[in-house]
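First comes the structure, then the notes that go with it.
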Amino acid sequence: MTTIQQNLDTVRRQIAQSAQQCNRDPQQIQLIAVSKTKPVMAIQEAIDAGQRRFGENYVQEGVDKIQHFADSSFASQLEWHFIGPLQSNKTRLVAEHFDWMHTLDREKIAQRLSDQRPAGMPPLNVLIQINISDEQSKSGITLAELPVLAAQISTLPNIVFRGLMTIPAPEPDPERQIAVFRQMEQALDQLKADYPQVDTLSMGMTDDMAAAIRAGSTMVRIGTAIFGARDYSSATH
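Here's what the structure looks like:
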């Protein structure tokens, strides 16, 4: 058994335990393995261990990995999530290769993604990123800005508005973590009344996964606990 397989088994157990503690079905929570800066060999080990959903932060690096696995026998089973900040000059690559985009925060980006999505592909699933802790260094919009952007993007033909994503400020107190995540849960519940297709809450990483699950997360983005510490020296944007 590889270390990555052992790590995946541990993370899956933790997800199941966190879900059961708050009377949720573990099947409602999808694990996104954040593979940024990691080599294709590490992703292959995760695939061999049954993992099918991967998150990438850097456009070109992600596209290279998607293309590497495109001819594999399991390519159709893989799901690729773009989870990093996106500049408008990189939208075409995301539109042409990824299945999900988690970090939408501008109408211009949404319009470009819709325009550039190839005709033969299903619509791109998108999440609006909320800067829930109001950090200057973080991307995302405020909850007050959400209704306008949601209305703007929901009519675009080649993307599907699926929900919300956030990366809160680090918070060591689990109860405070939950309180922040609850704001996201409430916002998603409000959206569901107007947008029936909305069903996704992408929140929770290695250090706050349990709190996110307790507050209704449907996707957790886990990197270090699966792949180990990252080496950013060779990252390609």
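Quick note: the sequence shown uses my numbering, first residue 178, plus one each step.
For every residue, glycine included, the Cβ atom is placed at its ideal position computed from N, Cα and C.
| Item | Value |
| --- | --- |
| What is the rounded straight-line gap between the Cα of A406 and the Cα of M380? | 20 Å |
| When we look at the beta-carbon of K213 and count the other beta-carbons within 10 Å, is it buried (16 or more) or exposed? | buried |
| Can you tell me the Cβ-Cβ gap for I307 and L341, rounded? I've got them flagged as a contact below 8 Å. | 6 Å |
| Is it buried or exposed, V325, if we count other Cβ atoms within 10 angstroms and call 16 or more buried? | exposed |
| If you pair each beta-carbon of the segment 286-299 with each one of the segment 389-399, do three or more pairs fall below 8 Å? | no |
| Give me the residue from G227, I336, M386, T180 with the minimum Cα distance to H279. | I336 |
| Could you give the DSSP three-state label for F275: helix, strand or coil? | coil |
| In chain order, which alpha helix (DSSP H) runs of at least 4 residues are fully inside the segment 322-370? | 323-330 |
| Return the residue from the list M382, I403, L323, P345 that minimises the CA-CA distance to D371. | L323 |
| Between the segment 229-237 and the segment 187-204, do at least 3 Cβ pairs fall closer than 8 Å? | no |
| Where are the beta strand (DSSP E) runs, 3 residues long or more, that stay fully inside the segment 218-302, in chain order? | 230-233, 256-259, 277-281 |
| Tell me, please, which residues DSSP counts as bridged to L208. | V397 |
| Considering only residues of the same chain and omitting the five flanking positions on each side of K267, which have a CB-CB separation below 6 Å? | V236 |
| T377 lies in the beta strand (DSSP E); which residues open and close that run? | 377-379 |
| Counting C-beta neighbours from all protein chains within 10 Å, is the total for F275 16 or more, i.e. buried, or is it exposed? | buried |
| When the Cα atoms are used, what is the spatial distance from E238 to Q244? | 10 Å |
| Give the straight-line distance between the Cα atoms of N138 and D366, rounded to the nearest whole angstrom. | This structure leaves residue 138 out entirely; the chain is present only between 178 and 414. |
| For D350, which of F338, G317, T332, M386 has the nearest alpha-carbon? | M386 |
| Using 10 angstroms around the beta-carbon of Q354, count the other beta-carbons present and answer buried if the total reaches 16, otherwise exposed. | buried |
| Over what stretch of residues does the alpha helix (DSSP H) that includes A388 continue unbroken? | 386-391 |
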